[in-house]
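Q: Chains R and L are the protein sequences, given in the same order.
Residues 1 to 140, numbered by my numbering, are exactly what the first sequence covers, in order.
Residues 1 to 140, numbered by my numbering, are exactly what the second sequence covers, in order.
Even glycine gets a Cβ: it sits at the ideal position worked out from N, Cα and C.
Note that this is a predicted model, so its numbers are computed, not measured.
Number of protein chains: 2
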Amino acid sequence: MNTESWLAQLQSTGCRLTGARRAVVEVMESSDRALTPVEVFDAARQRDPRLGLVTVYRTLEKLEQLGLIQRVHQSRDCQAFLKAGIGHQHLLLCERCGRAVLFDGDDLEALFSRVGEQTGFAIKSHWLQLYGLCRECQTK
Amino acid sequence: MNTESWLAQLQSTGCRLTGARRAVVEVMESSDRALTPVEVFDAARQRDPRLGLVTVYRTLEKLEQLGLIQRVHQSRDCQAFLKAGIGHQHLLLCERCGRAVLFDGDDLEALFSRVGEQTGFAIKSHWLQLYGLCRECQTK
DNA sequence: GCCTTTATTGAAAATGATTTTCAATTACAG
DNA sequence: CTGTAATTGAAAATCATTTTCAATAAAGGC
Ligand SMILES: [Mn+2]
Ligand SMILES: [Mn+2]
Ligand SMILES: [Zn+2]
Ligand SMILES: [Zn+2]
């Protein structure tokens, strides 16, 4: 259960440990797909029925600041959140069920230097996402 | 002046040619950076002071459907629009001034097959954006 | 040019997501 | 256990976008 580690990190930055935060953390930490604030709200409310949507927004903001979750941009929903990986990674998303997988080890240096030369830009960072169908969704 | 070509395309799909559309087209066609609907509104209003923001939204939607402009997602603004290139291309954005450059000729096939094998996903499409500083912004 | 038809327009209202305000509650240091 | 300051949820405010609607004007036929 990684949940305790997330809660410990929250606590170490001066946050108090509440039922509302625990519920949101449990939902985010155990989800393998990006969730919108309302989806987090619906899931977390089952653990803490008093929970308000406002608190979900506030907790997501805190978790993002701590680098425990990341914002996921998609053509439709740009406000969904997913647990973050460690270090530089990229996302692979299932177009059907939304499942998300992180991967690393891209080698784009050659591309960067070519584009840098052609355009005169100094390239600082990049953003790569792959879309497809996960194993389960391929057979349905 | 490519503006006329955009207007002709609009007309060929049954649209009427109005001052409002002409203003929005001129702004989008001549901008080298992504603009939000309000930015388009402010710029286009100088050509057609009567212009309403609603019409900007409606015209941007039409231009996007025709493939003349594309939506640009960034960490902050996910609702900005930029003229589209031809065929499969990627974006390079200046982090300072917002200038946008399209480029093509990425070779990511090796990466796709490796990630596909490791994850079991069938990879269908991808999304790549580079960020950096344009030549002008490097020297300031 | 002058009608007629019908798409287009902008103002205002409606919607939906997010943020702010605020008084009541509660975690937790002492 | 107590005092205090952080946290909470409800309600109100804000902001971007969409819908509604009556007035306007583009384009085609004359
Ligand atoms: Mn990378
Ligand atoms: Mn590509
Ligand atoms: Zn799937
Ligand atoms: Zn620049």
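Excluding the 5 residues flanking L:Pro37 on each side, which residues of the same chain have their C-beta closer than 8 Å to its C-beta?
A: Leu53, Val56, Tyr57, Leu60, Gln79 and Phe81
Q: Mind pulling the chain R residues with CB within less than 9 Å of L:Arg135?
A: Thr119, Gly120, Phe121 and Ala122
Q: Look at the alpha carbon of L:Gln89 and the alpha carbon of R:Arg22, and state the distance between them as a whole number of angstroms.
A: 43 Å
Q: Alpha carbon to alpha carbon, how far is R:Cys94 from R:Asp77?
A: 14 Å
Q: Give the straight-line distance between the Cα atoms of L:Val27 and R:Gln129, rounded to the nearest whole angstrom.
A: 30 Å
Q: Using the Cα positions of R:Ala34 and R:Ala43, report the straight-line distance between them to the nearest angstrom.
A: 13 Å
Q: Just to confirm, does R:Ser71 get its C-beta within under 6 Å of one of the non-hydrogen atoms of ligand 4?
A: It should be pointed out that residue 71 of chain R corresponds to Arg in this sequence rather than to Ser. For ligand 4, not one heavy atom lies less than 6 Å from the Cβ of R:Arg71.
Q: Report all residues from its chain with a CB closer than 6 Å to the CB of L:Ile69; omit the five preceding and five following residues, and keep chain order.
A: Met28, Leu63, Phe81, Lys83 and Ala84
Q: Is R:Glu15 near ligand 3, with its Cβ less than 6 Å from a heavy atom?
A: Note that residue 15 of chain R corresponds to Cys in the displayed sequence, not to Glu. Annotation for R:Cys15 indicates a beta carbon at 6 Å or more from all heavy atoms of ligand 3.
Q: Starting from L:Gly132, find everything on chain R with Cβ-Cβ shorter than 7 Å and list it in chain order.
A: Phe121, Ala122, Ile123 and Lys124
Q: Establish whether the CB of L:His73 and some CB of chain R are separated by less than 7 Å.
A: yes
Q: So the candidates are R:Trp127, R:Lys140, R:Thr139 and R:Gly120; which of them puts its Cα closest to the Cα of L:Arg135?
A: R:Gly120
Q: Which runs of the beta strand (DSSP E) spanning at least 3 residues fall entirely within the stretch 24 to 110 of chain R, listed in chain order?
A: 69 to 72, 80 to 83, 90 to 94 and 100 to 103
Q: Sort L:Arg50, L:Gln138 and L:Ser31 by Cα distance to L:Cys101 and report the nearest one.
A: The sequence as given places Val at residue 101 of chain L; Cys does not occur at that position. Nearest of L:Arg50, L:Gln138 and L:Ser31 to L:Val101, Cα basis: L:Ser31.
Q: Starting from R:Trp6, find everything on chain L with Cβ-Cβ shorter than 9 Å and list it in chain order.
A: Chain L residues near R:Trp6: none, gap ~23 Å exceeds 9 Å.
Q: For R:Leu17, which three-state DSSP category applies?
A: coil
Q: Tell whether a beta-carbon distance below 7 Å holds between R:Gln11 and R:Leu66.
A: no
Q: With distances taken between CB atoms, is the gap from R:Thr3 to R:Val25 smaller than 7 Å?
A: Taking 7 Å as the Cβ cut-off, R:Thr3 and R:Val25 qualify as a contacting pair.
Q: Would the beta-carbon of R:Ala122 fall within 7 Å of that of L:Gly132?
A: yes
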